[in-house]
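Here the protein sequences come in this chain order: A and B. Under our numbering, read the first sequence as residues 1 to 396, first letter to last. Under our numbering, read the second sequence as residues 1001 to 1270, first letter to last. We put the CB at the ideal spot given by N, CA and C, even for glycine. Keep in mind that this is a model prediction, so the values were computed, not measured. Take a look at the structure set out below.
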Amino acid sequence: MKKDLIAIKVEGLTKSFKIPLDGSSGIKQKIINITRNKKGYRKFTPLNDISFTIKKGEFFGIVGKNGSGKSTLLKSIAGIYTPEKGAVHVNGLLVPFIELGVGFNPELTGRENVYLNAALLGFSRKETVNIYKDIVDFAELHEFMEEQLKNYSSGMQVRLAFSIAIQAKGDVLLLDEVLAVGDAAFQQKCFDYFEYLKKENKTIILVTHSMDAVKRFCNRAMLIEKGRVKIIGDPAEVADQYSVDNIDVKHKKNEAKDKDKDNDNENEYVSELSASIDKDGYERNETAKLTLTYRLKSNFIPAVGLTIVKDGRSAAEINSRPINIPSQQNSRHSVSLDISLNNFTQGLYSIDIVVFIKDTMRIVESRRKVVEFVVKDDDRVHGGVIYLHDDWVAVD
Amino acid sequence: MKLSNIISRKNRILLAELVRTDFKLRYQASTLGYLWSILSPLFLFAILYIVFDKFLGIGKGIEHFPVYLLLGIVLWRFFTEATNNGLKAIIQRGSLIRKINFPKYIIVVSGTVSSFINLLINLGVVLVFILINNVELTWSALLIFPLIIELYVFALSIAFLLSAMNVFFRDISYLWDIFLQAAFYATPILYPVAFILNKSELAAQIVLFNPVAQVIQDSRFALVTKNTDTLWSISNNAITQMVPFVIIVITLIAASLYFKKKSKLFAEFI
């Protein structure tokens, strides 16, 4: 690869921190530690020999669980942390957005904060005067600019910060969790900005928990785990792996929670309601087998229902009323359902289950997010919930 | 710290903006605002005039003693303010350092520059009193400019040293506070150097080795009265006369090296 095509090159990057054990950084503790021959700190290595290259014009996603080392990596690329071993090479002007509104001071007015924040992005006062109107227009905060920032709502602060940020002229932009703040309208603005950056052929590094954003914007992505690169390459593959990894953790947590719930929540109709699924991740042409288990504690004719949820919204609902499910009192029963995933788009799904009295449809027990699964697909043509088949015909 | 870096455009912009912010915030909540920069030395002069000239009668042998005192105190206050601002500077801008990479020395410089601007305002007030008191100004008054630059360089060097140390040992601010209180009395601010000179010439020389003391006495010589004991007037030895400058140069070099080495670790320790 030609050198001038590379935007960022990270070679064998290792970074560790010494975390003081009792939080004090005084001389007293230092002396006590020396006299007692104690180290006084714990070594923590968030980045362990990481290497990768980002080409110019790439939209590069970095994903990983909390504590996997994402932020440390980003800060090392931004030059905030000095590498312990290895090196980071950046080709071109790098503008980091570890957080929006860096340097904002609540005692200053909106206008003064614009100048201060812009200076941190490298704008002189003269240049800021020229872009000032654009910033205020975009933020839609005209009548508030002479007020102190502490009187702004948090949404207004984010809007102002974002409006300044998008003025930044850099070759490489580092974005950390920018999507995590703000309402739907603001997120849309972020997405529009990303689209614009893509068009401008800027190099972007995005650290995020939103797999949708990874699939939608990134050309390449990387999953890091415990300070090492787990996989790097196709964004869809990385996003799916991340979703699957997350299920494992959630599963264990849910099982533990359910156990607790069974013990203290004595329901007079149903106990031991749970569900399991044969796999965590499926290809679209596969069928998922869902098994529901329950024990009835009183005499009634039950039915079960389930809701498949994607992105917090119901994607499909079904119940067992067409058949009679086992209803013998005080024994464990199971019912299963084959879910053909042919009509599902890629993404993370979860399932909520309920038990109700078949005749009256009165719900007697429910569990949310009992199982989760991922539908994998390596294309970026399909979005939403329902998979539309590619029956395009060029008519005219 | 490459020289080209210090004066790079981006760093200049940032420095100017940080100084502006510091200065704006200084009198933010007060009604009289910037006026306090002038009022506070005015009141200080009134107090000194009443206490020393009317009640105690110290310094009867020195002409224009209240102005003489005021000048010394204004310079001393700059030194304590600049070093204290510098000392806190890195810690106070911790959130900035953790989120963006820029040369850290800018923060320390901006903390001391706003004190320096305050010093210039204060010196303006002192000049007014000098004129009111009919002090005869000569060309040697211009010496005040290199002198305040010398004092600024010394204060900045110490600010670099303390600000970096403060990141790793937070006790520094308390230690420095105590040190300054002791240094205030070890510096001929309230009393004339003659007090010591009468007992021991060597002791007087050692007192004037302190760069702050040397600057204060030289400034009084330049602006208030030629009847001021300075290192030059009590010592003929060129080597002895160089001591304050040697102290400043050593402090500056040691502080720069220490700051440069430690500044890489600021982001993770703050």
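Check	Outcome
Alpha-carbon to alpha-carbon, Val1074(B) and Ile204(A)	52 Å
Beta-ladder partner(s) of Asp338(A), from DSSP	Lys289(A)
Selection of the segment 1087-1118 of chain B by Cβ proximity to chain A, strictly under 9 Å	Arg1093, Ser1095, Leu1096, Ile1097, Arg1098, Lys1099, Ile1100, Asn1101, Phe1102
CB contact below 8 Å: Ser76(A) versus chain B	no
Helix, strand or coil at Tyr81(A) [DSSP, three-state]	coil
Chain-ordered residues of the segment 98-119 of chain A with a beta carbon less than 8 Å from chain B	Ile98, Glu99, Val102, Gly103, Asn105, Glu107, Leu108, Glu112, Tyr115, Leu116, Ala119
Burial state of Ala7(A), where buried means 16 or more other Cβ atoms lie within 10 Å	buried
Chain B within 8 Å of Ile402(A), Cβ atoms only	Residue 402(A) is absent from the structure shown; chain A starts at 1 and stops at 396.
Coarse secondary structure for Asp352(A), derived from DSSP in three states	strand
Per DSSP, cross-strand counterpart(s) of Ile386(A)	Phe344(A)
Minimum length 4: unbroken alpha helix (DSSP H) runs contained in the segment 1071-1117 of chain B	1094-1097
Tyr242(A) versus Ile1100(B): straight-line alpha-carbon distance, rounded	28 Å
Ranges of the alpha helix (DSSP H) found wholly within the segment 1144-1193 of chain B, counting only runs of at least 4	1144-1168, 1172-1186
Residue burial classification, Lys1199(B) (beta-carbon count within 10 angstroms, cutoff 16)	exposed
Rounded Cβ spacing between Leu21(A) and Arg42(A) (contact assumed at less than 8 Å)	6 Å
Amino acids of chain B, ordered along the chain, whose beta-carbon sits closer than 9 Å to that of Tyr132(A)	What Tyr132(A) touches in chain B: nothing, since even the nearest Cβ is about 14 Å away.
Any non-hydrogen atom of the ligand GDP within 7 Å of Lys150(A) CB	In the structure shown, the ligand GDP is absent, as is every other ligand, since no ligand is present at all.
Residue closest to Val375(A), alpha-carbon to alpha-carbon, out of Leu296(A), Val102(A), Tyr387(A)	Tyr387(A)
Pairwise C-alpha distance: Leu1018(B) and Asp260(A)	Low confidence applies to Asp260(A): its pLDDT is 48, below 50, so where it sits in the model is not reliable, and the reading given next is rough at best. Asp260(A) and Leu1018(B): Cα-Cα distance of roughly 55 Å.
Beta carbon of Asp171(A) nearer than 8 Å to that of Lys202(A)	yes
Three-state secondary structure assigned by DSSP to Glu1034(B)	Position check: residue 1034(B) holds Tyr in this sequence, whereas Glu was assumed. If DSSP states are grouped into helix, strand and coil, Tyr1034(B) belongs with coil.
Lys310(A) vs Gly347(A) beta-carbon contact at 8 Å	yes
Beta-carbon contacts of Leu1119(B) that lie in its chain and below 6 Å, excluding the five residues immediately before and after	Phe1078
Cα-Cα separation between Asp264(A) and Ser298(A), rounded to whole angstroms	Annotation note: pLDDT 43 at Asp264(A) (below 50); position unreliable, no value reported.
Status (buried if at least 16 other CB within 10 Å, exposed otherwise) for Leu1014(B)	buried
Of the listed residues Asn151(A), Tyr349(A), Ile325(A), nearest to Glu317(A) (C-alpha basis)	Tyr349(A)
Test: Thr82(A) CB closer than 8 Å to a CB of chain B	yes
Within-8 Å CB hit, Lys1010(B) to chain A	yes
Opposing strand residues paired with Gln148(A) [DSSP bridges]	Thr109(A)
Which of helix, strand or coil DSSP assigns to Phe59(A)	strand
Within 8 Å, strictly: CB atoms of Gly1086(B) and Val1108(B)	yes
Beta-carbon proximity check, Gly281(A) vs Asp240(A), cutoff 8 Å	yes
CB of Leu1056(B) within 8 Å of CB of Val1153(B), strictly	no
Where Arg367(A) sits in the DSSP three-state scheme	strand
Proximal residues to Asp262(A) (C-beta, below 7 Å), its chain only, five neighbours per side dropped	Residue placement at Asp262(A) cannot be trusted, given a pLDDT of 48 that sits under 50; the coordinates are not used to answer.
Phe217(A) - containing alpha helix (DSSP H), residue span	211-217
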